[in-house]
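Adding 3 to a residue's 1-based position in the sequence shown gives its number in my numbering. Notes follow once the structure below has been shown.
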Amino acid sequence: MFVGIRSLPAQLSYSGMRNSCLIWSSDFHFRAADWPLVFYTLSVVRALCYLRRMPSIANLECSRCRKTVSARTPQTVCPDCSGSLYVRYDLGPSRGTVARDQIAQQASSSPWKGMWRYAPVLPDAKPVTLGEGWTPMLPSRRFPNVSLKEEGANPTATFKARGLALAVTMACHYGLKKLAVPSAGNAAGALAAYAAAAGIEAHIFMPKDVPFANYIEATVYGAHVHLVDGLISDCGRIVAERKEKEGWFDISTLKEPFRVEGKKTMGYELVEQLGWEYPDAVFYPTGGGVGLIGMWKAFQELEELGWVRPGKRPRMVAVQSSGCAPVVRAFEQGANVSQMWQNAATFAAGLRVPKPYGDSIMLEILRESGGVAVALPDDQILASLKDWARHEGIFLSPEGAAATAAYGHLLATGFLTPKDRVVLFNTGGGLKYTDVMAEALGLRRSAVEV
Ligand SMILES: Cc1ncc(COP(=O)(O)O)c(C=O)c1O
Ligand SMILES: [Zn+2]
Numbered sequence: 004m005f006v007g008i009r010s011l012p013a014q015l016s017y018s019g020m021r022n023s024c025l026i027w028s029s030d031f032h033f034r035a036a037d038w039p040l041v042f043y044t045l046s047v048v049r050a051l052c053y054l055r056r057m058p059s060i061a062n063l064e065c066s067r068c069r070k071t072v073s074a075r076t077p078q079t080v081c082p083d084c085s086g087s088l089y090v091r092y093d094l095g096p097s098r099g100t101v102a103r104d105q106i107a108q109q110a111s112s113s114p115w116k117g118m119w120r121y122a123p124v125l126p127d128a129k130p131v132t133l134g135e136g137w138t139p140m141l142p143s144r145r146f147p148n149v150s151l152k153e154e155g156a157n158p159t160a161t162f163k164a165r166g167l168a169l170a171v172t173m174a175c176h177y178g179l180k181k182l183a184v185p186s187a188g189n190a191a192g193a194l195a196a197y198a199a200a201a202g203i204e205a206h207i208f209m210p211k212d213v214p215f216a217n218y219i220e221a222t223v224y225g226a227h228v229h230l231v232d233g234l235i236s237d238c239g240r241i242v243a244e245r246k247e248k249e250g251w252f253d254i255s256t257l258k259e260p261f262r263v264e265g266k267k268t269m270g271y272e273l274v275e276q277l278g279w280e281y282p283d284a285v286f287y288p289t290g291g292g293v294g295l296i297g298m299w300k301a302f303q304e305l306e307e308l309g310w311v312r313p314g315k316r317p318r319m320v321a322v323q324s325s326g327c328a329p330v331v332r333a334f335e336q337g338a339n340v341s342q343m344w345q346n347a348a349t350f351a352a353g354l355r356v357p358k359p360y361g362d363s364i365m366l367e368i369l370r371e372s373g374g375v376a377v378a379l380p381d382d383q384i385l386a387s388l389k390d391w392a393r394h395e396g397i398f399l400s401p402e403g404a405a406a407t408a409a410y411g412h413l414l415a416t417g418f419l420t421p422k423d424r425v426v427l428f429n430t431g432g433g434l435k436y437t438d439v440m441a442e443a444l445g446l447r448r449s450a451v452e453v
């Protein structure tokens, strides 16, 4: 039962005569049997008060031509130029460090945990949450100025949970019933979980050779799973061709505004976890680039809000595998867009995105931040994965290991020094890749005679 705010006084003053055990509380009488109703009512009041902290969206703004679009109905990309849309709010009421410091103070008592601590900069909709965000920032045991943002701690064990929690929240807000996504694997698992939590349909298209865990999780969560003989780009084409006829809303990377909005919470978190200060560099394993774009948006907002100590924004480092490195090639060539990468192949499945939709936004961010794009071969990525497992006790995803490998590489080239304060993103937990890892390490189970 939902108790509307207008009916609250009536609910609170309710007092029955059948039970003789009455509890006197200044103005109200409560029977012991009423307490569940009272607690429920209070939790609804608390949730409603909390929702009121969330800003209404002023509009959606095109990342290319700056056209503004209303957020009153569901939107995909800019109607004029097909650029990705950013969510814009009036951040005025949350400006200043008093509002900022309330975030930590109110986090433990808020009805929604994790990334929803940033309610004042997220859309005002009732969250569909499984506890995503506020992941650990682990100091490295060997490199004094390195912290690892452990996104494997999210529901479905990757950072994809953040973007899809918000995209599904907004889908529910708009009353959408059928969502479709092309995925390299982990976004599929996350969409399947949040769609199940929200009671809506998920239609998933992913390469037939995704890590097995992605196939299993999506199936277990009850999604409609389609394995495609091709890459994520082929999956995207199929979704685009079928969505109208099937009545699907397409929540592809950067083709709707809210996955970026969820992923931006990584930028807020890393700054808060470093004492509201920027690090010198952020390493991000890059496929479609939503996290990189989201974090940069967070930094812009943090400055507008006055929540971050004045200082230079971090150098953003996009990390890819040499087997699929369209952003690195474009960066090195000084190009503004990437070219389709032929025969993309890497064991870091999430990085197998041959032509990211947000390539031009990423390239702009990398250059503006004084950052760089780096590609490393899979054998170096695997070596770093083993190194971090054995010496830090952390089972990285192959994508996360691309970031740790790139850190070593950029120290060696002199792009960074050991004194630079650095955040490396482990975007997922290694345990999602048991089949991939078994193959990479040549592991097979065999019984031992005792
Ligand atoms: C574990 C992991 N890391 C990184 C990425 C790349 O993320 P994005 O496409 O947002 O750049 C993915 C994408 O699937 C992923 O699953
Ligand atoms: Zn536009």
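Just so it is clear, CB atoms sit at the ideal spot from N, CA and C, and this is done for glycine as well. Since the structure is predicted, the reported quantities are computational estimates derived from the model, not experimental observations.
- Exclusion of residue 374 from the 7 Å shell around ligand 1 follows from its C-beta lying no nearer than that to any non-hydrogen atom of the ligand.
- Counting every other CB atom within 10 Å of its CB across the protein chains shown gives residue 394 a total below 16, marking it as exposed.
- In this structure residue 168 is buried. Its beta-carbon is surrounded by 16 or more other beta-carbon atoms within 10 angstroms.
- For residue 91, the enclosing beta strand (DSSP E) stretches over residues 88-92.
- Sorted by chain position, residues whose beta-carbon lies closer than 5 Å to a non-hydrogen atom of ligand 1 are 161, 187, 189, 288, 289, 290, 291, 292, 293, 294, 353, 400, 402, 430, 431.
- A distance of 8 Å or more separates the beta carbons of residue 364 and residue 319.
- Contact annotation, residue 381 with residue 349: C-beta distance approximately 6 Å; criterion of less than 8 Å satisfied.
- Using a 10 angstroms sphere on the CB of residue 186, the tally of other CB atoms reaches 16 or more, which defines it as buried.
- The alpha helix (DSSP H) runs of length 4 or more contained entirely in the region 196-281 are, from start to end of the chain, 215-223, 235-249, 261-266, 268-276.
- Its Cα nearest to that of residue 379, the residue 411 stands out among 361, 214, 411, 366.
- For residue 78, no alpha helix (DSSP H) run applies, since DSSP gives it neither H nor E.
- Counting only residues of its own chain and dropping the five nearest sequence neighbours on each side, residue 407 has a CB closer than 7 Å to the CB of 387, 391, 399, 427.
- Put simply, the region 132-146 touches the region 154-174. At least three CB pairs are less than 8 Å apart.
- Residue 418 and residue 149 have their C-alpha atoms spaced approximately 15 Å apart.
- Within the same chain, Cβ atoms closer than 7 Å to the Cβ of residue 180 are found at 203, 204, the five residues on either side in sequence being excluded.
- Chain order is used for the residues whose beta-carbon lies nearer than 6 Å to a heavy atom of ligand 2, namely 65, 67, 68, 70, 81, 83, 84, 86.
- In this model, residue 178 and residue 383 are separated by some 46 Å (Cα to Cα).
- With the rule of 3 Cβ pairs closer than 8 Å, the region 83-99 does not count as touching the region 108-120.
- Between the alpha carbons of residue 401 and residue 307 lies a gap of roughly 35 Å.
- Counting only residues of its own chain and dropping the five nearest sequence neighbours on each side, residue 446 has a CB closer than 8 Å to the CB of 440.
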